[in-house]
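Undergrad: Just so you know, numbering that gives the first Met the number 0 puts 14 at position 15 of the sequence shown, and the rest follows in order with no gaps.
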Amino acid sequence: MPHRITIFDTTLRDGEQSPGCSMNLEEKVRLARQLDALGVDVIEAGFPMASEDDFRAVHAVAREIRRPVIAALARTTRDDVERAWRAIESAARPRLHTFIATSDLHMQHKLRKTRAEVLDMAVGAVRLAKSFTPDVEFSAEDATRSDIGFLCTVVQKAIEAGATTINIPDTVGYTTPTEFERIIRALRERVEGIGRAVLSVHCHNDLGLAVANSLAAVEAGARQVECTINGIGERAGNASLEELVMALYVRRDILPYTTGVATTEIYKSSQLLSSITGVHVQANKAVVGKNAFAHEAGIHQDGVLKERRTYEIMTPESVGIKTNRLVLGKHSGRHALGRKLADLGYPLSRPDLDRAYARFIEIADQKKEIFDEDLIAIVHDGMRDVPEVFRLKMLQATAGSQKPSTATVILETEGREKVACALGDGPVAAAYTAIDEITGFRGRLLDYSIRAVSRGRDAIGEVSVHVDFNGRSFTGKAASTDVVDASARAYLHAVNKGLGLARALDAAETTSALPRLSEVPDGKEDTVGGPMRVADSEGVIRLIHLV
Ligand code: KIV
Ligand code: ZN
0 MPHRITIFDT TLRDGEQSPG CSMNLEEKVR LARQLDALGV DVIEAGFPMA SEDDFRAVHA
60 VAREIRRPVI AALARTTRDD VERAWRAIES AARPRLHTFI ATSDLHMQHK LRKTRAEVLD
120 MAVGAVRLAK SFTPDVEFSA EDATRSDIGF LCTVVQKAIE AGATTINIPD TVGYTTPTEF
180 ERIIRALRER VEGIGRAVLS VHCHNDLGLA VANSLAAVEA GARQVECTIN GIGERAGNAS
240 LEELVMALYV RRDILPYTTG VATTEIYKSS QLLSSITGVH VQANKAVVGK NAFAHEAGIH
300 QDGVLKERRT YEIMTPESVG IKTNRLVLGK HSGRHALGRK LADLGYPLSR PDLDRAYARF
360 IEIADQKKEI FDEDLIAIVH DGMRDVPEVF RLKMLQATAG SQKPSTATVI LETEGREKVA
420 CALGDGPVAA AYTAIDEITG FRGRLLDYSI RAVSRGRDAI GEVSVHVDFN GRSFTGKAAS
480 TDVVDASARA YLHAVNKGLG LARALDAAET TSALPRLSEV PDGKEDTVGG PMRVADSEGV
540 IRLIHLV
């Protein structure tokens with residue numbers, strides 16, 4: 000009988016901590032719904048003490064997502080544990096997860112605590128957590144660089160204090176499979192009462208060994224693995240959920256373990272995360288990368304055509320990648336599009352389908368062949384998570400070897416049209432300056448990336464941006480066959496997110512971290528050339544300020 004491995008997903012906590020991967024409340028809830036559909040056992044929803052936003056997001060996930068266990072992270076202080084509990088107390092299955100570092104390096108230099116003090120803090124936090132819920136997880140941070148004797152003592156005391164899951168993190172991705180296996184075996188042999196807790200592992204990927212280390216730990220007796228979608232996380236990331244699950248599935252002949260993950264939901268989860276964060280999956284990423292199932296070499300193609308298994312150890316369908324080409328054209332109706340999208344795993348509501356259909360028609364006008372990847376991009380493009388306070392009505396830009404470039408932009412806001420023209424280093428910079436002139440926000444572009452969603456000269460380009468507005472950064476994403484159009488709409492997506500947050504904060508009567516429009520400083524660091532002239536829809540040339 001294969002052992003069941005608990006899949007603990009920390010995309011919303013450890014994953015979200017990584018640069019560029021921050022998500023707002025709606026995005027976290029949207030991803031949590033997909034993690035539920037994916038079948039993970041535990042969703043670590045966040046670190047409620049980190050910020051008010053984090054608290055609210057954990058609380059929202061705990062209230063809405065009822066099947067999986069919802070975990071919240073806390074350090075060992077009373078404040079942390081109590082706040083984490085308040086965030087998840089409404090969950091159907093709450094788990095408090097408390098942690099403290101146990102390596103001498105961390106204890107001396109980071110915590111400035113003795114071993115005895117750390118032991119007391121660990122026990123105190125587990126006891127406090129236990130007074131709130133029976134499901135308590137304890138993590139010994141930097142476990143793999145900890146003295147094994149001390150690690151065994153802390154783990155034993157944590158179990159005596161009531162911890163039901165003991166997590167052994169390889170916090171800095173330092174261990175190797177054989178060493179980690181030894182550590183897990185030592186804990187199982189030396190800790191009295193270890194059988195009363197589930198042994199868990201949490202591996203970082205600094206040496207690219209996170210998945211291998213996790214699998215070694217499973218073979219040594221660990222029964223929970225902590226991981227993230229697309230392997231996102233601090234520095235080089237965490238163990239990737241899709242790699243772990245598929246390794247267990249594909250090699251079930253030698254790894255007698257099962258998970259509750261619906262593997263056919265893997266690709267959709269990966270795409271959703273990438274669409275929310277704007278962080279693309281590298282093409283050669285195992286399981287979910289664009290090339291994961293592409294056979295380029297003639298010999299390989301020949302082999303696959305004759306017998307798929309010659310070069311394919313798993314099918315694209317097993318992870319939810321549909322390989323049949325779309326035969327819909329610009330004359331296809333809404334119904335056919337709806338059916339095709341449902342087939343791809345996106346059963347849309349009527350308003351979402353209407354939006355997707357409108358984009359589909361626009362794209363079908365510009366593009367002969369529409370691939371499944373294009374359709375998925377269209378769906379994500381249409382899933383606007385924030386109200387479109389500003390909407391792009393028209394964009395005209397010039398580009399070429401003669402500098403500067405120019406852009407004319409018309410935005411619609413509150414039923415009115417606003418026009419601005421600007422110069423820039425290139426058409427994107429010019430468009431962004433024109434948008435800033437109309438919105439009154441000065442965005443600082445932190446990151447910009449573009450990729451072709453499918454093949455061909457007429458491929459859809461998907462643009463992702465990270466934009467900083469007065470110290471807060473927002474991601475934006477959009478897809479179009481015209482990359483300048485996609486760039487402008489991605490930027491506006493970020494602007495609208497910023498405005499959505501400012502309005503929510505205003506409604507909560509807290510101080511907005513965004514500037515009031517009138518406080519926006521002049522000048523912008525990352526665009527070249529100021530506004531040329533600005534006119535409203537009646538053609539009156541003047542600078543537009545919305546306050
Ligand atoms: O990497 C780590 O040690 C962690 C713990 C908080 C579990 O993320
Ligand atoms: Zn971690």
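Every residue, glycine too, gets a C-beta built ideally from N, C-alpha and C. Remember, it's a predicted structure, so these values are computed and weren't measured experimentally.
What are the start and end residues of the alpha helix (DSSP H) that includes Y356?
TA: The residue given as residue 356 occupies position 357 in the sequence shown. Taken as a continuous stretch (DSSP letters only), the alpha helix (DSSP H) holding Y356 covers R349 to Q365.
Undergrad: Let me know if I6 comes out buried or exposed under the rule of 16 or more other beta-carbons within 10 Å of its beta-carbon.
TA: As a working note, residue 6 is residue 7 in the sequence shown. Answer is buried; the Cβ neighbour count reaches 16.
Undergrad: Helix, strand or coil for T143, going by three-state DSSP, please let me know.
TA: As a first step, residue 143 is located in the sequence shown; it is residue number 144 there, counting from the start. If DSSP states are grouped into helix, strand and coil, T143 belongs with the helices.
Undergrad: If you drop the 5 nearest sequence neighbours on each side, which residues of the same chain put their C-beta closer than 6 Å to that of L24?
TA: Working through the sequence shown from its first residue, we reach residue 24 at position 25. So the list reads R55, A56 and A59, once near-sequence residues are dropped.
Undergrad: Output the distance between the C-alpha atoms of A478 and H96, rounded to the nearest integer angstrom.
TA: Within the sequence shown, residue 478 is the residue found at index 479, counting from 1. Within the sequence shown, residue 96 is the residue found at index 97, counting from 1. Roughly 39 Å between the two C-alpha positions.
Undergrad: Relative to the C-alpha of Y447, which candidate in F468, I437 and T474 has its C-alpha closest?
TA: Along the sequence shown, one-based indexing puts residue 447 at 448. Of the candidates F468, I437 and T474, the one whose C-alpha sits nearest the C-alpha of Y447 is T474.
Undergrad: Start and end of the beta strand (DSSP E) containing Q16?
TA: Position 17 of the sequence shown, counting from 1, holds the residue named residue 16. Premise fails: Q16 is in no beta strand (DSSP E) and is neither H nor E.
Undergrad: State yes or no: is the C-beta of F7 nearer than 6 Å to some heavy atom of the ligand KIV?
TA: Taking the first residue of the sequence shown as 1, we reach residue 7 at position 8. Result no, Cβ not under 6 Å from the ligand KIV.
Undergrad: Quick one: what's got a C-beta closer than 6 Å to I265's C-beta in the same chain, skipping five residues either side?
TA: The residue labelled residue 265 in the question sits at position 266 within the sequence shown. E241, V318 and G319, listed in sequence order.
Undergrad: In three-state DSSP terms, what is H201?
TA: Here residue 201 refers to the residue found at position 202 of the sequence shown. Strand at H201.
Undergrad: Keeping to the same chain, check which residues put their C-beta closer than 6 Å to that of S102; ignore five residues upstream and five downstream.
TA: The residue labelled residue 102 in the question sits at position 103 within the sequence shown. For S102, where only same-chain residues beyond five positions count, the Cβ hits under 6 Å are D141, R144 and S145.
Undergrad: Pick out whichever of P255, D53 and L498 has its Cα sitting closest to the Cα of V385.
TA: Translated into positions along the sequence shown, residue 385 becomes position 386. Taking only the C-alpha atoms, the option nearest V385 is L498.
Undergrad: In its own chain, which residues sit with a C-beta less than 8 Å from the C-beta of D169, not counting the 5 before and 5 after it?
TA: Translated into the one-based positions of the sequence shown, residue 169 becomes position 170. A142, T143, F179, V200, H201, C202, H203, A209 and N212.
Undergrad: Are the beta-carbon atoms belonging to I182 and G220 less than 7 Å from one another?
TA: As a working note, residue 182 is residue 183 in the sequence shown. As a working note, residue 220 is residue 221 in the sequence shown. No.
Undergrad: In the DSSP output, which residue or residues are listed as bridge partners for R390?
TA: Numbered from 1 along the sequence shown, position 391 holds the residue referred to as residue 390. Paired residue(s): E411.
Undergrad: So, helix, strand or coil for F46, using DSSP?
TA: Here the question's residue 46 lines up with position 47 in the sequence shown. In the structure shown, F46 sits in coil (DSSP, three-state: anything other than H, G, I, E or B).
Undergrad: Going by other Cβ atoms of all chains shown within 10 Å of its Cβ, with 16 needed for buried, is Q270 buried or exposed?
TA: What you label residue 270 is simply residue 271 of the sequence shown in a count that begins at 1. By the neighbour-count rule (16 or more Cβ atoms within 10 Å), Q270 is buried.
Undergrad: Who are A238's beta bridge partners in DSSP?
TA: For this step, residue 238 is matched to residue 239 along the sequence shown. Paired residues: none, contrary to the question.
Undergrad: Indicate whether R32 and V68 have their beta-carbon atoms separated by less than 7 Å.
TA: Within the sequence shown, numbered from 1, the residue matching residue 32 stands at position 33. Within the sequence shown, numbered from 1, the residue matching residue 68 stands at position 69. Their beta carbons are not under 7 Å apart, which means R32 does not touch V68 by this criterion.
Undergrad: Here's the rule I'm using: 16 or more other beta-carbon atoms within 10 Å means buried, otherwise exposed. How should H492 be labelled?
TA: Here residue 492 refers to the residue found at position 493 when the sequence shown is read from its first residue. H492 is buried by the Cβ-count criterion.
Undergrad: Quick check on G207: buried or exposed, where buried means 16 or more other Cβ atoms within 10 Å of its Cβ?
TA: In the sequence shown, counting from the first residue as 1, residue 207 sits at position 208. Exposed is the call here.
Undergrad: Taking C-alpha atoms, which residue in V28, V224, H108 and R441 lies nearest to A2?
TA: As a position in the sequence shown, residue 2 is number 3, starting the count at 1. One point to set straight first is that residue 2 is His, not Ala, in the sequence displayed. It is V224 whose Cα lies nearest to the Cα of H2.
Undergrad: State whether the stretch 437-456 contacts the stretch 249-263, with contact taken as three or more CB pairs (one from each stretch) at a distance under 8 Å.
TA: No, they do not touch.
Undergrad: Between the stretch 399-417 and the stretch 430-443, are three or more C-beta pairs nearer than 8 Å?
TA: They touch, by the three-pair rule.
Undergrad: Identify the continuous beta strand (DSSP E) that holds E81 and give its terminal residues.
TA: One-based indexing of the sequence shown puts residue 81 at position 82. Not the beta strand (DSSP E): E81 falls in the alpha helix (DSSP H), residues R77 to I87.
Undergrad: Which first and last residues belong to the alpha helix (DSSP H) in which S130 is found?
TA: Mapped onto the sequence shown, residue 130 falls at position 131. That run of the alpha helix (DSSP H) goes R114 to F131.
Undergrad: Is any non-hydrogen atom of the ligand KIV found closer than 6 Å to the C-beta of D598, if you look at the structure I gave you?
TA: In the structure displayed, the chain extends from 0 to 546; residue 598 sits before or after that span and is not available.
Undergrad: Just to confirm my understanding: we take L340, look at its own chain, exclude 5 residues before and 5 after, and list those with CB closer than 8 Å. What are they?
TA: Within the sequence shown, the letter at position 341 stands for residue 340. For L340, where only same-chain residues beyond five positions count, the Cβ hits under 8 Å are P346, L347, L352, A355, L374 and V378.
Undergrad: Below 6 Å, is the gap between the Cβ of P168 and the nearest heavy atom of the ligand FMN?
TA: Because the ligand FMN does not appear in the structure shown, any question about it cannot be addressed here, the ligands present being the ligand KIV and the ligand ZN.
Undergrad: Check whether the Cβ atoms of I228 and S268 sit closer than 7 Å, and answer yes or no.
TA: What you label residue 228 is simply residue 229 of the sequence shown in a count that begins at 1. What you label residue 268 is simply residue 269 of the sequence shown in a count that begins at 1. Taking 7 Å as the Cβ cut-off, I228 and S268 qualify as a contacting pair.
Undergrad: Quick one: give me the first and last residue of the alpha helix (DSSP H) that K329 is part of.
TA: By one-based count along the sequence shown, residue 329 stands at place 330. It is not in any alpha helix (DSSP H) - K329 carries neither H nor E in the DSSP assignment.
Undergrad: Which same chain residues end up closer than 7 Å to D35 when comparing Cβ atoms and leaving out the 5 residues on each side of it in sequence?
TA: Within the sequence shown, the letter at position 36 stands for residue 35. The residues are I64, R66 and P67.
Undergrad: Rank R415, T432 and G414 by C-alpha distance to the C-alpha of L422 and give the top, closest one.
TA: Here residue 422 refers to the residue found at position 423 when the sequence shown is read from its first residue. The residue with the shortest Cα to Cα distance from L422 is T432.
Undergrad: Excluding the five sequence neighbours on either side, which residues of its own chain have a C-beta within less than 7 Å of the C-beta of D457, listed in chain order?
TA: Translated into the one-based positions of the sequence shown, residue 457 becomes position 458. Within the same chain, D457 has close Cβ partners Q365, K366, K367 and T480.
Undergrad: Is any heavy atom in the ligand KIV found nearer than 6 Å to the beta carbon of H201?
TA: The residue labelled residue 201 in the question sits at position 202 within the sequence shown. The answer is yes for H201.
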